[in-house]
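One structure is given here, and the rest of the page talks about it.
In our numbering, the protein residues as written are 126 to 353.
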């Protein structure tokens with residue numbers, strides 16, 4: 126993302142004359158900065174349900190003791206809406222705020238490294254599980270006209286792109302962008318909407334340890350939209 130910053134430091138102008146007035150002394154000074162960001166067009170990002178996907182109460186007896194438990198998604202999800210006033214190249218990341226609590230081995234090695242968020246830890250510091258955020262039921266528009274949806278992925282902050290999947294990346298430098306199904310690069314859009322649904326896996330009960338009181342889990346991620 127290219128940014129243009131205009132800054133200036135305003136210093137008092139020194140004027141000298143032959144008139145013998147006393148020279149004023151500076152009592153204090155401040156640095157003044159003028160800055161901004163020039164973007165190709167304006168885009169908005171909106172998420173419904175305040176971004177909350179609640180699985181409610183999970184009976185501990187339903188958890189597998191020696192293997193992960195995948196929670197059934199019975200409608201948990203939120204609508205994500207990106208709207209631009211002109212065709213614009215954009216990309217998205219969901220930055221994990223609980224990255225140190227991702228339980229190991231619940232997803233494939235690639236998914237674990239790039240696409241999951243942690244769900245917090247027990248009081249004893251053991252990870253509870255992990256979740257992968259999926260972009261499903263995707264709709265795209267170019268020039269405010271619907272187009273076939275596609276997706277590309279970058280692991281180097283937009284330096285290069287490969288075909289993407291439903292998963293939304295969860296770390297800095299990893300980007301998901303809308304694309305044409307037949308191309309391997311981002312495409313400018315005026316609209317990009319999808320249902321974001323979590324695939325949640327709880328670690329084996331034997332790894333979590335005894336659960337004798339309510340054990341809340343909570344994954345947190347910051348959904349960020351970037352101009353390319």
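Yeah, the Cβ is synthetic: ideal placement off N, Cα and C, and Gly gets one too.
Bear in mind that the values here come from a model prediction, so they are computed numbers and not experimental data.
Which residue wins for smallest C-alpha separation from residue i, given the options the options?
i           : options            : result
residue 346 : 241, 253, 311      : 241
residue 271 : 303, 277, 185, 235 : 303
residue 263 : 217, 319, 206, 282 : 319
residue 201 : 305, 328, 177      : 177
residue 259 : 252, 231, 205      : 205
residue 281 : 167, 291, 297      : 297
residue 235 : 299, 183, 209      : 299
residue 191 : 350, 331, 226, 339 : 331
residue 269 : 209, 324, 322      : 209
residue 349 : 172, 158, 196      : 172
residue 351 : 283, 187, 195, 228 : 283
In chain order, what residues of the same chain have a beta carbon less than 7 Å from the beta carbon of residue i, not counting five sequence neighbours either side?
i           : result
residue 344 : 223, 242, 243, 244, 256
residue 193 : 231, 326, 327, 328, 329
residue 310 : 277, 286, 304
residue 146 : Residue placement at residue 146 is poorly supported in this model, since its pLDDT is 45, which falls under 50; the coordinates still yield a value, given next. Closer than 7 Å at the Cβ level, and outside the excluded window around residue 146, lies no residue.
Which residues does DSSP list as the beta-bridge partners of residue i?
i           : result
residue 241 : 257
residue 174 : Partner(s): none; residue 174 has no beta bridge.
residue 320 : 204, 261
residue 271 : 266
residue 277 : 288, 302
Near residue i, what residues of its chain come up, given a Cβ to Cβ distance below 8 Å and the 5 sequence neighbours on each side ignored?
i           : result
residue 249 : 334
Less than 8 Å between the CB atoms is what I'm expecting for residue i and residue j, so what's the real figure, rounded?
i           : j           : result
residue 295 : residue 219 : 5 Å
residue 170 : residue 353 : Going by Cβ atoms, the distance from residue 170 to residue 353 rounds to 15 Å, so no, they are not a contact pair.
residue 211 : residue 267 : Wrong, their Cβ atoms sit about 10 Å apart, outside the cutoff.
residue 252 : residue 290 : Contact flag wrong, Cβ pair sits at about 24 Å.
For residue i, which residues in the same chain have their Cβ closer than 6 Å to its Cβ, ignoring the five residues on either side in sequence?
i           : result
residue 275 : 304, 305, 306
residue 317 : 207, 265, 303
residue 279 : 286, 300
At a cut-off of 7 Å, would you count residue i as near the ligand FAD, judging by its Cβ distance to the nearest heavy atom?
i           : result
residue 351 : In the structure shown, the ligand FAD is absent, as is every other ligand, since no ligand is present at all.
Along the alpha helix (DSSP H) that carries residue i, what are the first and last residues, could you check?
i           : result
residue 219 : Residue 219 -> not in any alpha helix (DSSP H); beta strand (DSSP E) instead, spanning 215-221.
residue 330 : 330-333
How is the beta strand (DSSP E) around residue i delimited, first residue to last?
i           : result
residue 301 : 300-304
residue 350 : 346-352
Are the C-beta of residue i and some C-beta of chain C separated by less than 8 Å?
i           : result
residue 176 : In summary, chain C is missing from the structure at hand, where a single protein chain is found.
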